[in-house]
Amino acid sequence: MTRRSRRRVLATAGSLVLAGCTFSRSDGDESGEDTGETPEVTDTPTGSPEGNDTDESNASDGNGSDEGSATDDLETETEPTDESGTDTETGSTDGEAGGEPETETNGTEADGEDDGDDGEDGDDPEPPTDAPALSVDRKPLVTGLEVPWDLAFAREEAFLTERGGHLTRIDTERLLSGEPIDAADFEGRREWPAESLLGVAVHPEERWVYVAAHADGETRVERFDPDTPGDREPILEGIVGDHTIGTGLAFGPGGDLWVTAGTAERDPARDPSTLGGTILRLRPDGTPSPANPGLADPRVFSYGHRNPQGVGFLPDGTPVATDHGPEGRDEIRRLRPGDDAGWPVARGGPDDPEYEAYGEEYAPPLVNTGEETWAPGGCTVYDGGAIPSWRGRLLVATLSGRHLDVVTLTPPGADLPPVGDRGRRFDADWLDDAYTATAHRVLEDELGRLRGVVAAPDGTPLVLTSNRDGMTRADEPFPRERDDAVVRLRRSSRQ
């Protein structure tokens, strides 16, 4: 089965581009998302969002319903018989957190996973044609965090940011050992001189750690040697506006640093000479990448974004990004140099009652969720072996959606994966036809709000919960006692 016949093969920016990821809210807003920007968020379990986010049409008044669920446990993992990722993945053992695992009843068509499409090491993988595994075991590795935002790995250590202003340096082997760590016991946890800490990235070759910090109404990006964290070098300053709090960082395949910057106001997104509503592509020292399109601000790769949340890279180097929409209309889009994403003029198809349609002037996305709200957080293109059927797919954490999306991006002419009862196909004629997106929901309502998703060096997928950010509803069991947490995902070990 292939996509519509009108589809053309578009040249990607893969030969030019490299990497990145981010989030936020606006005028009456958000696909439901908390901007994170206001340290009105004191990271208390039941703090009120004070109207800074409409996070669902009937979001609660901020009561996190922490009481009454304090005995709940996130762990539902049963030890798998093989962690190599080479044998056939079995069905599901997900259950309610804190209870005995129970067998999944939804999406059973995807629970028998085929490892045969992973390809040999070194081969360019073919686009997945099967459905991804929808059932995973989960185990909290770090608990008691204050709204974890991002996690990045160096060779033997990891760096974790929390919105409340903490940066933690963790030994990777200790983190992945499976022995839960309480954040209060971290020896490497330190206060950062900022109101909020956001994205973090590690230089792929040199000993630099990059962090996005928000203070005094603006966000800056700094780098430092982890052995001398007090000596910080700003490489990007002056990102202002409510939504810039979600600044995400990532290095791409060619060594450039990608930075996402949102905007609370409409006008800056239309102006490529400003930083609001842009995706930036920088050399590691903060200077513009020579592969940029030469816009008014040479650091800008694309503009017209609303609140870009995360950036990932397909196997051929094509960059894709997530973007928060206004009251739904969340996006996943392919990034091309100089593209105008359309905000705040265009944000939908020809029948959208509030916004103009994408078209020749405004680059269409691969995904527009319409009335459905995801509030996408971080994302990554998974290439590990811990859950083989996820390989080559885009993983997207969602806040308002309260699930992990496993998104298959299929090029023209290739077979599409089945949709099943937990999937959704995005193939409208007005979307970007370079790929057809098929999104499958995993972990729905099991861990609550998910801020980020990353892959550890050993291929283990990790998700970061965001249940203490003041945006949980009164009718849900979050935050739980262990929130917030870094949670390990593994393929289910029994039917």
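For the sequence shown, this note's numbering assigns the number 17 to the initial residue and increments by one for each residue that follows. Positions of the beta carbon are idealized from the N, C-alpha and C atoms, including for glycine.
Element boundaries [beta strand (DSSP E), containing residue i]
i, result
"E234", "234-240"
"E376", "From DSSP, E376 is part of no beta strand (DSSP E); its letter is neither H nor E."
"E347", "347-350"
"E173", "173-178"
"Y319", "316-319"
"H456", "452-458"
"F442", "439-442"
"V479", "477-481"
"F169", "164-169"
"P220", "Run containing P220: none; DSSP gives neither H nor E here."
"P156", "152-159"
"T279", "Counting along the chain, T279 falls outside any beta strand (DSSP E), and DSSP gives it neither H nor E."
"L432", "Note, L432: premise wrong, no beta strand (DSSP E); not H, not E."
"G364", "362-364"
Identified DSSP bridge partners for residue i
i, result
"E249", "R239"
"T184", "L176, R205"
"S212", "H230"
"G328", "V336"
"F267", "L273"
"D468", "Note that residue 468 corresponds to Gly in the displayed sequence, not to Asp. The partner list for G468 (beta bridge, DSSP) reads L480."
"P392", "T414"
"R383", "Position check: residue 383 holds Val in this sequence, whereas Arg was assumed. Answer is I348, bridged to V383."
"P304", "L298"
"D198", "T159"
"G401", "The partner list for G401 (beta bridge, DSSP) is empty, contrary to what the question assumes."
"T426", "T452"
"R507", "V152"
"D356", "Y319"
"D421", "V412, R457"
Cβ-heavy atom distance, residue i to the ligand FMN, below 7 Å
i, result
"D287", "This structure simply doesn't include the ligand FMN, nor any ligand for that matter."
Pair within 8 Å by beta-carbon distance, residue i and residue j
i, j, result
"S482", "V256", "no"
"G468", "G400", "no"
"E238", "R248", "yes"
"T424", "W390", "no"
"D499", "R457", "no"
"P324", "D313", "no"
"V518", "I295", "There is no way to answer for residue 518, as the model of the chain reaches only from 17 to 511."
"A217", "H230", "no"
"A501", "L161", "yes"
"A357", "S318", "yes"
"V383", "A430", "no"
"T512", "D449", "This structure leaves residue 512 out entirely; the chain is present only between 17 and 511."
"R506", "D283", "no"
"H219", "R205", "no"
"S151", "S508", "yes"
"T488", "G464", "yes"
"R441", "T476", "no"
Span separating the alpha-carbon of residue i from that of residue j
i, j, result
"L351", "E372", "20 Å"
"P439", "G215", "First, the residue type needs correcting, since residue 439 is Gly and not Pro in the sequence shown. Straight-line Cα distance between these residues: approximately 29 Å."
"P495", "E462", "11 Å"
"P148", "G246", "44 Å"
"V316", "R363", "21 Å"
"G486", "H321", "25 Å"
"I403", "K155", "15 Å"
"V470", "P360", "30 Å"
"G268", "P369", "37 Å"
"A199", "L157", "10 Å"
"G262", "A277", "7 Å"
"D332", "D491", "43 Å"
"D146", "N308", "36 Å"
"R179", "E203", "19 Å"
"G264", "G436", "32 Å"
"N74", "G354", "Residue confidence is low: N74 scores 33 on pLDDT, short of 50, so the model does not pin down where it sits. Its coordinate-derived value is still stated next. Rounded to the nearest angstrom, the two C-alpha atoms are 38 Å apart."
"Y451", "P250", "37 Å"
"P428", "L410", "17 Å"
"D241", "L192", "23 Å"
"T60", "E189", "At T60, the pLDDT of 33 sits below 50, so the modelled position is not reliable; the number obtained from the coordinates is stated separately. Their Cα atoms are separated by approximately 30 Å."
"E460", "L466", "10 Å"
"V225", "G270", "17 Å"
"E281", "P366", "24 Å"
Presumed contact (8 Å Cβ cut-off) between residue i and residue j, rounded CB distance
i, j, result
"V397", "L330", "6 Å"
"D166", "T177", "5 Å"
"T279", "G293", "4 Å"
"S305", "L298", "6 Å"
"W446", "Y374", "6 Å"
"L252", "R236", "6 Å"
"I348", "A453", "6 Å"
"L291", "G344", "No, L291 and G344 are not in contact; Cβ-Cβ is about 26 Å, not under 8 Å."
"P433", "P144", "6 Å"
Beta carbon proximity, residue i to chain C, threshold 8 Å
i, result
"L432", "Checking the listed chains, one finds no chain C in this structure; it contains a single protein chain."
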